[in-house]
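Report on one structure; see the data block that follows.
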Amino acid sequence: MAINFCKTYSIKYPVLVGVKEAAKVLKDIKSSNIPVMIVRVHDLPDKADDDIDAVYKLPALLQKEGILFCLSSEGDTEMEAMNCRNLPFLAGSAVAHGLNKEEALMSITYNTAKIMGIDKKLGSLEENKTASFVISEGDILDMKSSIITAAYIAGKEVNLKNQQTELYLKYKTKYGIK
Numbered sequence: 036m037a038i039n040f041c042k043t044y045s046i047k048y049p050v051l052v053g054v055k056e057a058a059k060v061l062k063d064i065k066s067s068n069i070p071v072m073i074v075r076v077h078d079l080p081d082k083a084d085d086d087i088d089a090v091y092k093l094p095a096l097l098q099k100e101g102i103l104f105c106l107s108s109e110g111d112t113e114m115e116a117m118n119c120r121n122l123p124f125l126a127g128s129a130v131a132h133g134l135n136k137e138e139a140l141m142s143i144t145y146n147t148a149k150i151m152g153i154d155k156k157l158g159s160l161e162e163n164k165t166a167s168f169v170i171s172e173g174d175i176l177d178m179k180s181s182i183i184t185a186a187y188i189a190g191k192e193v194n195l196k197n198q199q200t201e202l203y204l205k206y207k208t209k210y211g212i213k
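Each residue of the sequence shown is one higher than the one before, counting from 36 in my numbering.
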């Protein structure tokens with residue numbers, strides 16, 4: 036088991052990554068105090084007799100046990116890097132399966148920074164930290180209502196205009212869509 040490996044070889048900063056079946060060893064994970072990175076919440080279980088929504092429920096289970104975790108959109112395909120734009124929606128799916136909204140947001144911001152050991156500088160909006168954030172109309176965790184209106188990286192505004200946004204505005208105007 037990965038936890039035993041980390042102990043045996045005195046891994047200094049271990050992280051359990053991709054642990055789809057963590058629910059089966061929650062007590063071991065909690066007692067080890069090793070953080071977890073959940074990879075691909077939008078996934079099916081590995082075994083036919085597992086709950087279909089087991090992976091969706093995992094963030095809420097980890098939260099309930101007080102286990103530090105974060106969400107990742109990365110997986111084992113080349114397309115996953117482009118899917119990082121869907122990371123907030125993965126957190127939203129976890130909310131629909133029992134995770135509270137504040138913890139869902141932390142699972143893609145502060146918790147990630149804490150697991151990486153950079154939470155003194157990044158991960159939350161606080162004095163003396165580098166401010167990187169987005170502003171959204173609607174719920175940032177909901178793919179139907181989230182519309183990013185501004186983004187800032189290290190306190191500097193990011194230009195969000197691109198070919199897709201220009202086409203969106205062109206056809207929205209052309210067809211009178213509000």
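Every residue, glycine too, gets a C-beta built ideally from N, C-alpha and C.
Residue i to residue j, Cα distance in whole Å?
i, j, result
"residue 161", "residue 91", "30 Å"
"residue 163", "residue 209", "46 Å"
"residue 45", "residue 121", "35 Å"
"residue 198", "residue 40", "48 Å"
"residue 49", "residue 165", "25 Å"
"residue 61", "residue 36", "13 Å"
"residue 159", "residue 185", "17 Å"
"residue 42", "residue 189", "37 Å"
"residue 187", "residue 179", "22 Å"
Please look up how many angstroms separate the CB atoms of residue i and residue j, rounded, as I've assumed it's under 8 Å.
i, j, result
"residue 76", "residue 52", "Contact flag wrong, Cβ pair sits at about 14 Å."
"residue 181", "residue 167", "Not really, about 17 Å apart at Cβ, beyond 8 Å."
"residue 95", "residue 129", "7 Å"
"residue 183", "residue 195", "7 Å"
"residue 57", "residue 79", "In fact, because the Cβ distance is near 16 Å, the residues do not count as touching under 8 Å."
Verify whether the separation of the beta carbon atoms of residue i and residue j is less than 8 Å.
i, j, result
"residue 103", "residue 126", "no"
"residue 55", "residue 86", "no"
"residue 107", "residue 72", "yes"
"residue 105", "residue 150", "yes"
Of the choices the options, whose alpha-carbon is the least far from that of residue i?
i, options, result
"residue 176", "41, 138, 154, 205", "138"
"residue 69", "88, 109, 47, 123", "47"
"residue 135", "63, 59, 99, 61", "99"
* Asked: What runs of the beta strand (DSSP E), each 3 residues or longer, lie entirely inside the stretch 139-200?
  -> 168-172, 182-188
* Along the chain, which unbroken stretches of the alpha helix (DSSP H) at least 4 residues long are found entirely within the stretch 41-82? -> 61-67
* Complete runs of the beta strand (DSSP E) confined to the stretch 84-113 [at least 3 residues] -> 104-107
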